[in-house]
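These notes are about the structure you will find just below.
In our numbering, the protein residues as written are 567 to 750.
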């Protein structure tokens, strides 16, 4: 019985992780307003090592359409600008010698559709991860010996219930994000 609980817990943990990853991915997809999360994954080449931007600069949002990046070391301004350009975020950084300013352009209808497609792809990838977690759990169940078929069937149904719940959760998150993206 303890092994069954461990398998169920593992499956649920993997599915939870997949949905958390989806939420993180959705934070990176912008929906019109400036946010520090838009640049959080930018890696800056700092003293020869890739470093997250928030470890070399203060990132803030002074207004709804601007991201301000103030490096702690002024010599890093060029490296930060280069990292932003190479990250394909669609921003054209401008600097005044002390700060880097990113103006977040308003989204066009075409760009909104692209972002909605990107969100859909992320949601599909998450659903695949959830289904893979289900498959892994079912494989672990098959390896168990000395457990009655009725109990195994019950656990398989429980795993399928988790799968249905998390796939539905992915769909809900996607629907919310798409509405946020398409809102003008």
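Here a beta-carbon is modelled for each residue, glycine too, at the ideal position from N, C-alpha and C. Since this is a predicted model, take the numbers as computed values, not measurements.
Presumed contact (8 Å Cβ cut-off) between residue i and residue j, rounded CB distance
{"i": "residue 721", "j": "residue 707", "result": "6 Å"}
{"i": "residue 636", "j": "residue 654", "result": "Contact doesn't hold; Cβ gap of about 23 Å is too wide."}
{"i": "residue 619", "j": "residue 627", "result": "Residue 619 to residue 627, Cβ: 14 Å. No contact."}
{"i": "residue 610", "j": "residue 645", "result": "5 Å"}
Bridge partner(s) assigned by DSSP for residue i
{"i": "residue 668", "result": "633"}
{"i": "residue 617", "result": "610"}
{"i": "residue 623", "result": "637"}
{"i": "residue 601", "result": "Partner(s): none; residue 601 has no beta bridge."}
Residues near residue i in its chain [Cβ-Cβ closer than 8 Å; skip 5 each side]
{"i": "residue 632", "result": "600, 667, 668, 669, 670"}
{"i": "residue 714", "result": "none"}
{"i": "residue 647", "result": "659, 661, 666"}
{"i": "residue 642", "result": "610, 612, 622, 623"}
{"i": "residue 748", "result": "678, 682"}
Cβ neighbour criterion (16 or more within 10 Å) applied to residue i
{"i": "residue 686", "result": "exposed"}
{"i": "residue 567", "result": "exposed"}
{"i": "residue 681", "result": "buried"}
{"i": "residue 742", "result": "exposed"}
{"i": "residue 651", "result": "exposed"}
{"i": "residue 717", "result": "exposed"}
Beta-carbon contacts of residue i that lie in its chain and below 7 Å, excluding the five residues immediately before and after
{"i": "residue 534", "result": "Because the chain here runs from 567 to 750, residue 534 falls outside it and cannot be looked at."}
{"i": "residue 585", "result": "692, 732, 735, 736"}
{"i": "residue 744", "result": "682, 685"}
Contacting residues, own chain, Cβ-Cβ under 6 Å from residue i (five flanking each side not counted)
{"i": "residue 725", "result": "577, 700, 703"}
Residue-level contact to chain D via CB, residue i, 8 Å cutoff
{"i": "residue 573", "result": "Reference to chain D is not applicable here, since this structure consists of a single protein chain."}
Discussion item. What ranges does the alpha helix (DSSP H) occupy inside the region 660-710, keeping only unbroken runs of at least 4 residues that lie completely in it?
Written reply: 675-709
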